[in-house]
Amino acid sequence: MNSKRKQRLLIVLGLVSGFGIAVGLVMFALSQNINLFFTPTQIAKGEAPSAQMIRVGGMVADGTVDRDPQSLKVAFDVTDFDHNVRVTYEGILPDLFREGQGVVVQGRIRSGQFVASEVLAKHDENYMPPEVTEALRQSGKLDQMMGGQK
Amino acid sequence: MGWRWFHQWGSPRWFYERAGRWQLVCGRLALTLLITGSLWGLAFAPIDYQQGNSYRIIYLHVPVAFLAQALYAAMAVCAVVLFVWKMKLADVAMQSIAIMGFAFTALSLISGAVWGKPTWGTYWVWDARLTSMLILAFLYLGVIGLRAAIQDPDQAGKACGILVLVGVVNLPIIKYSVEWWNTLHQPASLKLTEKPAMPASMWIPLLINILGYYVAAAYLILGSMRAIVLERERRSAWVRELVSRA
Amino acid sequence: MIFEPIDIEISKLSCERDDRLLFKNLSMTLNPGQILRVAGPNGAGKTTLLRTIAGLFDIQTGTIRMNQLPLKECLEQILYIGHKPQVTKDLTVLDNLKFLTGSDDDHLKRALSDVGLKGYHDSLVKELSQGQGRRCALARLWCVKAPIWILDEPYTALDVEMVKTLDTRITWHSAAGGICLFTTHQPPQSLKYTTLELDHVT
Amino acid sequence: MSLERRMLTRELKLNVARPGEIFKPMWFLILVVSMLPLALAPDSDLLSEIGSAMIWVATLLALLLNTEHLFQSDFSDGVLEQWLFLNRPLAWLVGLKLIAHWLFHVLPLILITPIAGIMLSVPTDVLWALLVTLVIATPALTCFSGLGAALTLGSSRSGILGVLVMMPLFVPIVILAAGVLIRAMDGSDTLPLLALLGAFSVVAATVVPIAVSAAIRLNIGGSN
C-alpha cells in the first residue's frame, strides 16, 4: 500500500524533525548561564543582577569569620581565590561550616554586601580519614587539592 | 535450540520453581554481604576528615539511591520485553519492581534527609538532584496507582508499561541534573571509569554493601514475583496441585 | 456499484479471555458476497470474534488475512458497528454521519430517508429515541464504500419494518460482492446466510 | 472534505454544543485567583510578587481539570474505536484531537490570564512573561495530561488518577516556567529557560501522541 508507506515516512520525518528542534533548543539553552549561580569573581565584576535571589559558591576565606557574641549574626568572606564577597547571615550555621570549607550561600546583593537567607555547606565527593588529611596538610598537598577544586 | 532458554521464561511454572532456588541463594548471599559490609563500614572504616562519623550513612544512602534508579531502568527493560516479546513474566517483574523501587526511593530520600541535616544544615532543599529523586518516587507511585485502578491484569500491565517508557525520559534528567545545575549535592562518589575518590578502607565496604543491597533487592523481587505468579495462575492445574500438596 | 473481489482468510484463530477458552483453531474463508451469522449462547465469544476480525482486539494465536494482506493493513476496508451507540449525543444526526463517512449532505440526507429518519438531520442525537439512534448509526450502511461489514447485534431496538429494510440492504451489499458478518439472537427471516455456531468450534 | 477538516469541524461543533466545558475551567481560574487576596492580607506588594506564580499554578490545575476526560465521551459512545477504521495512523488523529483541545480549551484559558494578572496586580512585563510561558508550556502539559486521560480510560474509578499519574512529568515544566517568571521579575534574560521549555513541548508533541494511541488501542482491546 503506497499511501500507508507514505504515512509511515511522514511520521518518521515528524519524529526526526521534532527531536532535531528540541536538541537545538537545549543546545542553545545550555550555552547560556542558566542556574543563577555565580562565583565571587563574577560578582566583583558586577555580572550578577542585584536585588535578585542568586546563589554564590566558594570557600569561606581563612580568618574572615566574625561572629556576633550577642546574637546569631555572622559575617564572613566567600572567596574563589581571586575575589572575595562579604556575606552577612543571621541564623544557625551547619556543622560543617568552618574556614576553608566550600559553601553555597543563597541571598541577595544589597548595597555591595551579600545578605544570605540560607548558608549551605557543600562537601565534596572526597571522603578521607583525618590522619590522611593531616598528612596531606603537612605535605602541602591538601591546599593543592582544594585549590584544584574550584 | 538456542532460544530454548529464552522460551522457558514464558512458563510460569518453570519460573516459580527455579525462582525458589535462586531466592535461597540470593537471600544467603545478601545476608553475608550486608553483615560484612555494614559492620566494616559502620565500625571499622576510618572516620571522615570533614564530616566525622555522620558520613557513615553512605553505607546505606549510596546503595539505596543507586538501586532506586537502577530499578526504574530495570522496570523500563521489562516494559520493552513485555511489548516486544509479549512475555507475561516481564509484567509480573514490573509489578514487583514498582513496589520495591518505591520503597528504595523512599529510603534513599529519608536517609538523604537524615544525612543532609548535619552536613548541609537542612533536611531538604529543592535542589535538582533531590527534586528529581522525589519525582522518581512519584513516578513509582503513579505506576503502582495505575495498576491498582485497572482491573484486568494484562491491560493494567500494558498501561503501566506505556507509563514507564514515557517516564524513562526522566531518568537522564536525574542522571545529569548534578552536572546541568550547579547543585549542592556532590557528584557521585563511585564511578566505574575512575579510581574512587576515597581510600580503600572506605570504598571496599561501600562496594560490598552496594552488592549486598542489589542482591537483597533481587531476593525481595523474586519473592514477590513468585507470589504474584501464584496468584495470577491460581486457576491452573499446577498451582492447584501445589496447594493440595501443601 | 460492484466491489472489487475481496476475501478474508482466517486460520487457526484461538482466543482466551479471563482464563476461559472462547474458540480454538478456528479456520474459515469468507468469499465475496458471503453473509455469515455468528451464533452461540451468551458468553460464547461472538463479540470477541467479531472485534478480532475487525482488528479491534489483538490476535492471540492464528492469522487473519484479507486478500493475502495482514489485517492491520486493511482496516479501512471494514465497517464495524458494535454494541455502543457509535454516535455522539451532543451532535446532530447529520454532523455525526458526516464525520464518520465523509459523504456530502445530499448523499447523507438520502441515506437518512432510507432508514426512516427523513427530516431529522438537524436533530441532536440525544433528542432521538433509542431505536431512532440505532437507525442513525445504521444509516452509515447506506453511504460507506467499505466492502466488509461487521455488525454486532444490528437488529437490537429495531421495529419490524426497519428489520426488513436492513435485510434488504445486506442482501444488496452481498449482491455487490461485499462480505457481511453479523450476530443476532433472532434469526432474520428474509435473509440468506450461513451460520457459524461458536459452541461447535470448541 | 478531508478527514483532518472533518475532525476539526466535529471538535468545533462539539464545543459549541458543550460550552460549559470551556467556561468551567475559566471560572475555576478566576475563582482561585479571587480567593487568593482574600486568604492573604490584600497587600499588593506580596500579591504582585507571588501573583504570577499563583496564576501559573491555577492555570495548570484548570487545564488538568478539563483534560481529565479528554477521550472519555468518545470512548464510551464508541466513536473512538471508529477512529481505527479511518485510514490514518491513530497517532496522527490523536495529535489532531490534542491540537483541537489546545485551541478550544487551553487557549481561552491563557487568554483570560491577563484579567487574573490585573486582579493580582502583576506588573505588565511579568504578565507578558506569564503569557509566553503558558503558550510555550501548555502544549507539553496538554499532551501529558491527555496521556493520563488515555491510560485510565478503561478504569471505572479513574477520577483524578490520570492526572496524578502524570504529575511527575509536570514538575520540570513548572520549575522552568517558575524560573522564567522569577527572571522576568528581576528583568534578566529569560530566553534560555524559554528555549528549554520549548524543547520540552516539542518532544512531548512528537512522542506523546504515539504513547496516547498505544494507550487508546489498549483500552479498546480491553472493553467489550
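Residue numbers (the numbering used here), protein chains in the order written: chain L, 22 to 171; chain W, -6 to 239; chain R, 85 to 286; chain H, 1227 to 1450. Just so you know, even glycine gets a beta-carbon here, dropped at the ideal spot from N, CA and C.
Test: Lys1239 of chain H CB closer than 9 Å to a CB of chain R: yes
Gly262 of chain R vs Ile232 of chain R beta-carbon contact at 9 Å: yes
Length at least 4, wholly inside the segment 46 to 99 of chain W: the alpha helix (DSSP H) runs in chain order: 51 to 78
Neighbour flag for Val95 of chain L against chain W, beta carbons, 9 Å: no
Residues that Phe58 of chain L bridges to, as DSSP identifies them: L:Arg76
Of the listed residues H:Met1280, H:Pro1398, H:Leu1335, nearest to Val1361 of chain H (C-alpha basis): H:Leu1335
Proximity test, Cβ basis, 9 Å: Leu185 of chain W and chain H: Caution applies to Leu185 of chain W, whose pLDDT of 45 falls short of 50 and renders its modelled position unreliable; the value that the coordinates give is listed next. No, its Cβ sits nowhere closer than 9 Å to a Cβ of chain H.
Best match in H:Pro1398, H:Val1348, H:Leu1329, H:Ala1403 for proximity to Val1358 of chain H [C-alpha to C-alpha]: H:Ala1403
CB contact check: Leu141 of chain L to chain W, cutoff 9 Å: yes
Three-state class that DSSP yields for Asp179 of chain R in the structure shown: helix
Same chain, Cβ closer than 8 Å to Gly105 of chain W, five either side skipped, listed in chain order: His54, Ala58, Leu123, Met126
Proximity test, Cβ basis, 9 Å: Leu158 of chain W and chain H: yes
Of the listed residues H:Asp1412, H:Leu1266, H:Leu1255, nearest to Val1352 of chain H (C-alpha basis): H:Asp1412
Cβ-based burial, Arg26 of chain L [other Cβ within 10 Å; buried from 16]: exposed
Straight-line gap, Val204 of chain L to Gln122 of chain L (C-alpha atoms, nearest Å): The structure shown does not extend to residue 204 of chain L, since chain L is modelled only from 22 to 171, so the question has no answer here.
Cβ-based burial, Lys130 of chain R [other Cβ within 10 Å; buried from 16]: buried
Cβ-based neighbour list, Arg1409 of chain H, same chain, cut-off 6 Å, excluding 5 preceding and 5 following: Thr1416
Integer Cβ distance of Leu225 of chain R from Arg253 of chain R, believed to fall under 8 Å: 6 Å
Gly270 of chain W: contacting residues in chain H (beta-carbon distance under 8 Å): As displayed, chain W neither begins before -6 nor continues past 239, which places residue 270 of chain W out of reach and without an answer.
Which of helix, strand or coil DSSP assigns to Val190 of chain R: Looking at the sequence provided, one finds Asp at residue 190 of chain R rather than Val. Helix, per DSSP.
Bounding residues of the alpha helix (DSSP H) (the contiguous stretch that carries Gln214 of chain R): 214 to 222
Reduced DSSP secondary structure (H/G/I, E/B, other) of Ser132 of chain L: coil
Selection from R:Pro116, R:Cys227, R:Leu114 that minimises the alpha carbon distance to Ser197 of chain R: R:Cys227
Straight-line gap, Gly264 of chain R to Ile165 of chain R (C-alpha atoms, nearest Å): Note that residue 264 of chain R is Cys in the sequence shown, not Gly. Their Cα atoms are separated by approximately 11 Å.
Runs of alpha helix (DSSP H) wholly within the segment 95 to 169 of chain R (minimum 4 residues, chain order): 130 to 137
Leu201 of chain R versus Leu1255 of chain H - alpha carbon distance: 43 Å
Val1397 of chain H in three-state terms, based on DSSP: helix
Below-9 Å beta-carbon distance, Asp145 of chain W vs any chain H residue: yes
Ile42 of chain L vs Val1428 of chain H beta-carbon contact at 9 Å: yes
Pairwise C-alpha distance: Leu114 of chain L and Thr115 of chain W: 10 Å
Buried versus exposed, by CB contacts within 10 Å (16 or more), Gly1388 of chain H: buried
Element boundaries [alpha helix (DSSP H), containing Trp7 of chain W]: 5 to 32
Ile91 of chain W versus W:Leu100, W:Trp108, W:Cys153, residue with shortest Cα-Cα distance: A small correction: the amino acid at residue 91 of chain W is Ala; Ile does not occupy that position in the sequence shown. Taking only the C-alpha atoms, the option nearest Ala91 of chain W is W:Cys153.
Ile233 of chain R (DSSP reduced to helix, strand or coil): It should be pointed out that residue 233 of chain R corresponds to Trp in this sequence rather than to Ile. Three-state result, Trp233 of chain R: strand.
Boundaries (first-last residue) of the alpha helix (DSSP H) holding Ala1375 of chain H: 1350 to 1377
CB of Phe31 of chain W within 9 Å of CB of Pro198 of chain W, strictly: The sequence given here has Ser at residue 31 of chain W, not Phe. Yes. Within cutoff.
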